[in-house]
Amino acid sequence: MKEKRKKQFQSSSVGAFIVAICCVTPLLVIGVATVGFAAFVPYLDFALYPLLALMIFLMVVYWRKYKEECRLCEVQDSSKGETIKK
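Numbering (this note's numbering), first residue to last: -11 to 74.
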């Protein structure tokens, strides 16, 4: 389960990074214009900023779940008399 949380956190971090790159650089604008959808460029902000907020929110949620699970693993190990950190 810990690995699942770690992968969720990593994927939301990558998604937030990709959306942030598209927000602050003209990379997406150039790509959209290249394929012939230049008319949609003024509307990209309406999709990218909420998507960025969503990805950052998911990143925080999954990070908190991952850390909580790590804390629970340490508590369970210490209750057995073991001090192994996973």
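Where is the CB? At the ideal position from N, CA and C, for every residue including glycine.
Residue i - containing alpha helix (DSSP H), residue span
{"i": "GLY83", "result": "Residue coverage of the chain in this structure runs from -11 to 74, which leaves residue 83 outside it and unanswerable."}
{"i": "GLY19", "result": "15 to 22"}
Neighbour-count burial assignment, residue i, 16 or more Cβ in a 10 Å radius
{"i": "TYR54", "result": "buried"}
{"i": "VAL7", "result": "buried"}
Span separating the alpha-carbon of residue i from that of residue j
{"i": "LYS74", "j": "CYS61", "result": "For LYS74, the pLDDT reaches just 49, beneath the cut-off of 50, and the residue's location in the model is therefore unreliable, although a value from the coordinates is still provided. One C-alpha to the other measures close to 7 angstroms."}
Residue-chain proximity (residue i, chain B), Cβ-Cβ < 7 angstroms
{"i": "ALA27", "result": "Of the protein chains in this structure there is only one, and it is not chain B."}
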